[in-house]
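2 protein chains.
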Amino acid sequence: MTSVSTEPRNTDDAASTGAQTSAPTGGSAAQRERRRRILDATISLAAEGGFDAVQMRAVAEQAEVALGTLYRYFPSKIHLLVSALAREFTKDVDRSAIRATPGETAHERIMYVLNRRTRALQKQPKLTEALVRAFMFADQSVTGEIHEVGTSLTTVIARAMHGTPDHGEVTEEEAAIIRIISDVWLSALISWVTGRMDEKDVEKSIDVAVRLLLR
Amino acid sequence: MTSVSTEPRNTDDAASTGAQTSAPTGGSAAQRERRRRILDATISLAAEGGFDAVQMRAVAEQAEVALGTLYRYFPSKIHLLVSALAREFTKDVDRSAIRATPGETAHERIMYVLNRRTRALQKQPKLTEALVRAFMFADQSVTGEIHEVGTSLTTVIARAMHGTPDHGEVTEEEAAIIRIISDVWLSALISWVTGRMDEKDVEKSIDVAVRLLLR
DNA sequence: CCCAAGAGTGAAACACGTTCCTTCGTGAGT
DNA sequence: ACTCACGAAGGAACGTGTTTCACTCTTGGG
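Order-wise, the sequence lines are chains Z and L. Here the first sequence is numbered in the numbering used here, starting from 1153 and rising by one per residue. Here the second sequence is numbered in the numbering used here, starting from 1153 and rising by one per residue.
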């Protein structure tokens, strides 16, 4: 958390070395395996004890890698958590591609996917707290991972809007609406995580936003 | 940052001891003076070097109080920064009460106040980074201060919406719209602070949101 | 089969938020 | 003026994120 602006190592050019931060696919099998273990450990610790429980030493131990190795893979705790979030979100996107979203209207379908996701997050409050905190704290060096998260959320909402798994055309206005909905969702999630809103409030605030935006 | 949920000391009942966290007014003159010095030091350090530069030891030194005293007044760095943010925002609200907001339409007036505030923040990027980060990281124990910030923002937008300094009636729907605008503004600010949006993007995203919501 | 280079290891060290303890100064009540 | 309670001072100490470094292991090319 300390040096946010400095950030020399790991130029991130994907081409450079190997299984770096934003390269979930590159590297040897052993490296992908290590990366997976690290992210698993992260999720597991976060699910148990939230942001504070994701301690780098603990992650390293549980993933059975050395602390130095952990830092080679993820240059900071924030990168680690945001990457974990990205991985989970990506899973969701894959699932949403399988079949059409239920619901008669765009409003219903959007609420369906967002509520489903919201409830999933709320079932693991500690995990969500950790991930949202990390997301909020992320600085420029995490842009890649964050963009990944944003994209998958946009994709899911766009699909729900149209009601079909294919992406089709998204107009400028639709894109703007989706961004706003995402913003509201994120804000609500923050409020929930920090104890300023309860589950009902979250759902309601998104519902209102969607209604106002789709009219 | 470490113990977020535990938090024994300082039961915050305002009645208890004195110049505590959420009591800008109570306490002896010397205590109010200390509090002021602490917040001044916070703003000053934040303006120079951002979140990371607001180090508790440095704040204590610059405010000429002991570290222990600093912690007596503000139980964590987050409380400290959010309190500072609240103080600055409150000043703004006071100013906005003075005269009617310029602009023909609600859209214009809202953009006017939000852009003005946005630009003010952007003139002090480091300070803004520090304050936004703190705001994001705040947990339940900071609810009071955060609510204060939220309220003043709402007030300012409501005034701009109606174009008059008096608060008048705010309908349910208007309140909902204001909340959404605040959410978008906050998200944009986060994106800006974390280097994922530039000044233009911030303005544009708010403009689009206001347009979509006020049509 | 051997070697150089890169990856991984482990431990120590550092930085900074936070806690804790001990001592001092001061103002209110007597 | 005396004492007592309490806020403040000052600083040591602790926890955890991050860095560094010397060393070992793995691996792919000759």
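Positions of the beta carbon are idealized from the N, C-alpha and C atoms, including for glycine. Just so you know, these numbers come straight off a predicted model, no measurement behind them.
Near residue i, what residues of its chain come up, given a Cβ to Cβ distance below 6 angstroms and the 5 sequence neighbours on each side ignored?
{"i": "residue 1289 of chain Z", "result": "1230"}
{"i": "residue 1312 of chain L", "result": "1253, 1261, 1262, 1265"}
{"i": "residue 1306 of chain L", "result": "1330"}
{"i": "residue 1236 of chain L", "result": "1191, 1194, 1195"}
{"i": "residue 1327 of chain Z", "result": "none"}
Less than 8 angstroms separating the beta-carbons of residue i and residue j?
{"i": "residue 1261 of chain Z", "j": "residue 1270 of chain Z", "result": "no"}
{"i": "residue 1214 of chain Z", "j": "residue 1191 of chain Z", "result": "no"}
{"i": "residue 1238 of chain Z", "j": "residue 1297 of chain Z", "result": "yes"}
{"i": "residue 1278 of chain Z", "j": "residue 1202 of chain Z", "result": "yes"}
{"i": "residue 1206 of chain L", "j": "residue 1272 of chain L", "result": "no"}
{"i": "residue 1186 of chain Z", "j": "residue 1217 of chain Z", "result": "yes"}
{"i": "residue 1180 of chain Z", "j": "residue 1244 of chain Z", "result": "no"}
{"i": "residue 1284 of chain Z", "j": "residue 1341 of chain Z", "result": "yes"}
{"i": "residue 1242 of chain Z", "j": "residue 1345 of chain Z", "result": "no"}
{"i": "residue 1182 of chain L", "j": "residue 1276 of chain L", "result": "no"}
{"i": "residue 1343 of chain L", "j": "residue 1338 of chain Z", "result": "no"}
{"i": "residue 1274 of chain Z", "j": "residue 1347 of chain L", "result": "no"}
Once you ignore the five residues that flank residue i on each side, which residues in its own chain have a CB closer than 8 angstroms to its CB?
{"i": "residue 1333 of chain Z", "result": "1262, 1266, 1309, 1358, 1361, 1362, 1365"}
{"i": "residue 1315 of chain Z", "result": "1252, 1253, 1255, 1258, 1261"}
{"i": "residue 1301 of chain L", "result": "1234, 1237, 1238, 1241, 1287"}
Mark residue i as exposed unless 16 or more other C-beta atoms lie within 10 angstroms of its C-beta, in which case mark it buried.
{"i": "residue 1351 of chain Z", "result": "exposed"}
{"i": "residue 1194 of chain L", "result": "buried"}
{"i": "residue 1247 of chain Z", "result": "exposed"}
{"i": "residue 1335 of chain Z", "result": "buried"}
{"i": "residue 1317 of chain L", "result": "exposed"}
{"i": "residue 1209 of chain Z", "result": "exposed"}
{"i": "residue 1188 of chain L", "result": "exposed"}
{"i": "residue 1367 of chain Z", "result": "exposed"}
Taking 8 angstroms as the CB-CB limit, is residue i close to chain Z?
{"i": "residue 1357 of chain L", "result": "yes"}
{"i": "residue 1350 of chain L", "result": "no"}
{"i": "residue 1375 of chain L", "result": "Limits of chain L in this structure are 1153 at one end and 1367 at the other, which puts residue 1375 of chain L out of reach."}
{"i": "residue 1192 of chain L", "result": "no"}
{"i": "residue 1331 of chain L", "result": "yes"}
{"i": "residue 1365 of chain L", "result": "yes"}
{"i": "residue 1328 of chain L", "result": "yes"}
Of all the CB atoms in chain L, is at least one closer than 8 angstroms to the CB of residue i?
{"i": "residue 1290 of chain Z", "result": "yes"}
{"i": "residue 1347 of chain Z", "result": "yes"}
{"i": "residue 1304 of chain Z", "result": "no"}
{"i": "residue 1339 of chain Z", "result": "yes"}
{"i": "residue 1285 of chain Z", "result": "yes"}
{"i": "residue 1246 of chain Z", "result": "no"}
{"i": "residue 1197 of chain Z", "result": "no"}
{"i": "residue 1230 of chain Z", "result": "no"}
{"i": "residue 1361 of chain Z", "result": "yes"}
{"i": "residue 1342 of chain Z", "result": "yes"}
{"i": "residue 1336 of chain Z", "result": "yes"}
{"i": "residue 1309 of chain Z", "result": "no"}
{"i": "residue 1298 of chain Z", "result": "yes"}
Residues in its own chain within less than 7 angstroms of residue i by CB, not counting five upstream and five downstream?
{"i": "residue 1322 of chain Z", "result": "1310"}
* Where in the segment 1313-1359 of chain Z do unbroken runs of the alpha helix (DSSP H), each at least 4 residues long, occur, reported from the N-terminal end onward? -> 1324-1345
* To do: Can you check the segment 1180-1216 of chain Z for any alpha helix (DSSP H) of at least 4 residues that lies completely inside it and give the ranges in chain order?
  => 1181-1201, 1208-1215
* In chain order, which continuous runs of the alpha helix (DSSP H) of length 4 or greater are located wholly inside the segment 1243-1282 of chain L? -> 1258-1275
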